[in-house]
Amino acid sequence: MILVIVIIGVLGALAGPRFFNNQAFAERAYAEELASALRYAQKVAVGSGCRVRVSVSAIAYELAQQAPQSGHCNPADAGFPVDVMLSSGQAASGNAPSGVVVSPAATLVFDALGRTGLAANLVLGVGVHTLSVEAGSGLVRGPQ
């Protein structure tokens with residue numbers, strides 16, 4: 213009986229803190245959220261015919277698109293003043309959970325064909341997980 217109590221005490225001391233640390237889950241969830249946002253930006257660009265900009269910082273991301281002009285996008289608009297909206301009516305943006313950091317910070321633009329203007333593939337790290345965006349096609353892979 214004493215041996216069982218000692219074993220439970222040792223397991224509690226060693227394994228207990230792992231039950232209360234959700235950092236790994238927060239990183240994975242944010243990596244999934246960021247990948248979904250990148251895919252959504254590409255789909256909005258293709259569906260609307262307007263370029264969509266995705267800005268990713270260490271702790272947040274946001275999606276914006278060109279201003280409409282007579283039912284089309286204003287090709288001269290380089291400011292991306294219109295927030296991309298979700299079906300819920302909220303702007304497509306998000307903040308990383310506490311302690312979760314994305315690197316490197318990046319800005320990419322999807323054109324009306326879903327392509328990016330990246331010179332090389334973009335690899336984003338979210339904790340131990342990675343996302344990649346293909347330079348030519350705009351294909352989003354991950355998180356891995």
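Using the numbering used here, read the sequence shown as starting at 213 and increasing by one per residue.
Using N, Cα and C, we set each Cβ at its ideal position, and we do this for glycine too.
Just to confirm, are residue i and residue j a CB contact at a threshold of 7 angstroms?
i, j, result
"residue 317", "residue 270", "yes"
"residue 347", "residue 330", "yes"
"residue 256", "residue 264", "yes"
"residue 344", "residue 333", "yes"
"residue 251", "residue 352", "yes"
"residue 355", "residue 238", "no"
"residue 293", "residue 279", "yes"
Going by DSSP, what residues sit across from residue i in a beta bridge?
i, result
"residue 274", "267 and 305"
"residue 297", "303"
"residue 280", "285"
"residue 318", "268"
Please state the DSSP three-state secondary structure of residue i.
i, result
"residue 353", "strand"
"residue 324", "coil"
"residue 226", "helix"
"residue 215", "helix"
"residue 221", "helix"
By the DSSP assignment, the alpha helix (DSSP H) with residue i in it spans what residues?
i, result
"residue 241", "235-260"
From which residue to which residue does the beta strand (DSSP E) around residue i run?
i, result
"residue 337", "334-338"
"residue 292", "Careful: residue 292 lies outside any beta strand (DSSP E) and carries neither H nor E."
"residue 310", "Per DSSP, residue 310 belongs to no beta strand (DSSP E) and is neither H nor E."
"residue 343", "341-345"
Quick check: the region 331-346 against the region 302-322, are at least 3 beta-carbon pairs closer than 8 angstroms? yes
Touch check for the region 275-293 and the region 239-246: three-plus C-beta pairs under 8 angstroms? Counting Cβ pairs under 8 angstroms, fewer than three are found: no touch.
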